[in-house]
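Residue numbering for the sequence shown follows numbering that gives the first Met the number 0, beginning at 0 and increasing consecutively. Idealized CB from N, CA, C, for every residue including glycine.
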Amino acid sequence: MALLGDGTLRGWGWNSWGQLGDGTTTSRSTPAQVIDPSDPTGFLTGVTAVAAGASYTVALLGDGTVRAWGSNNAGQLGDGTTSPFATPTPVQVVDPSDPTGLLTGVTAVAAGLFHSVALLGDGTVRAWGSNWGGQLGDGTTAVSSTPVQVIYPFDPTGFLTEVTAVAAGNGHTVAVRDDGLLRAWGYNENGQLGNGTTSLFATPTPVRVVDPSDPTGLLTGGITVAAGYFHTVALLRDGTVRAWGGNFSGQVGDGTTTASFTPVRVVDPSDPTGFLTGVAAISACLVHTVALR
């Protein structure tokens, strides 16, 4: 998916579930424009961010609402339904608790395998879709076809707050707080939650480090995060990168293929420090990771 400067979207590739949003299920080897029959132009407009899941797409609009299209087998489109059929044009993500009936006030979106995540302007997080691993963060493993609020029992409000960035993987979700600390929840068989265990957590758990010099025992200084299928990556304020979780393809970047249940520093033999430095952005896919310096 590509977001253009005029707020429209183009998509290309596999389209069996309508994830390109062009009103068809025809795969495309060249970009097709995402349509919206409810828009006077006939196309989806006003988009400010986009995220692509396994076979569906989520878009954030400038008014803080969210549209989604493609597969909806687990309710990942967030319109209150589940369907075994393709949804090849955008539907609105709803929120029965909002006076408008729609999810509003969103500032960022993320798409996992079959679950979606939204960061709101008040620093809270909503999630919907597949939840077999507890990736929605509501304390259950029940599917939800509408957004649920991510809870955090240790917060006075009972919910996860002060979040500045989110990422969604296969069956796990990660958030960065404005204090630079990270929280993760969901499926954890490969240690992708970074808390030193391989146990499932249906509510957020702190990402930890094994570093005697760090009195907090927590990973600090995070500014953004990315989630792959079995691993997680964090960009720190000093421009270095930490990664953890499954590593059978070397996606953690520590020079090994051994899984790490807590964050390790990404190495770079060509750097005088021996580590990857000066990084400005990160991205994680199925079993590989990319960094932009």
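- Taken through DSSP and simplified to helix, strand or coil, A233 comes out as strand.
- A contact is defined here as three or more CB-CB pairs under 8 Å, and the segment 133 to 141 fails this definition with respect to the segment 72 to 79.
- Taken atom to atom, the span from the alpha-carbon of V124 to that of P152 is near 14 Å.
- Under the DSSP assignment, S269 falls outside any beta strand (DSSP E); it carries neither an H nor an E label.
- Excluding its 5 nearest sequence neighbours in each direction, D35 has C-beta neighbours in its own chain below 8 Å: G41, F42, L43, T44, R66, T88 and P89, listed in chain order.
- Check the Cα spacing between L192 and each of A107, G227 and W127: the tightest is with G227.
- Distance check between G244 and each of G170, L291, D270 and A201 places G170 closest, using alpha-carbon atoms only.
- Less than 8 Å divides the Cβ of L8 from the Cβ of G20.
- Fewer than three beta-carbon pairs drawn from the segment 92 to 104 and the segment 153 to 165 are found closer than 8 Å, and the two stretches are therefore not classed as touching.
- DSSP, read as helix, strand or coil, puts N72 in coil.
- In the three-state reduction of the DSSP assignment, S198 falls in the coil class, being assigned neither a helical nor a strand state.
- Taking each of T239, G52 and L181 in turn and checking the Cα distance to F113, the smallest one comes out for G52.
- Non-local C-beta neighbours of G195 in its own chain, meaning closer than 6 Å and more than five positions away in sequence, comprise R207, F260 and T261, ordered along the chain.
- Look at Q250 here: in three-state DSSP terms it is coil, with no helix or strand label.
- Rounded to whole angstroms, the gap between the alpha carbons of N189 and Q250 is 12 Å.
- Inter-residue distance for G61 and Q32 is about 18 Å (C-alpha atoms, whole angstroms).
- With a cutoff of 8 Å on beta-carbon distance, V57 and S115 are scored as near each other.
- Per DSSP, G12 is one residue of the beta strand (DSSP E) stretching across L8 to G12.
- Residue pairing by DSSP leaves G17 without any beta bridge partner.
- The C-alpha of W16 lies about 10 Å from the C-alpha of S26.
- Q32 is bridged by DSSP to R9.
- By the C-beta density criterion, G128 is buried, having at least 16 other C-beta atoms within 10 angstroms.
- When DSSP states are grouped into helix, strand and coil, S82 belongs to the strand group.
- Between the alpha carbons of V142 and G273 lies a gap of roughly 44 Å.
- Looking at the DSSP output, L217 bridges to R207.
- If you draw a 10 Å sphere on the C-beta of W13, you find fewer than 16 other C-beta atoms in it, and that means exposed.
- DSSP places P152 in the coil class of the three-state scheme, outside both helix and strand.
- With contacts defined as CB atoms closer than 8 Å, V173 and L180 fail to qualify as a contacting pair.
- Judged by their CB atoms, A233 and T140 are not nearer to each other than the 8 Å cut-off.
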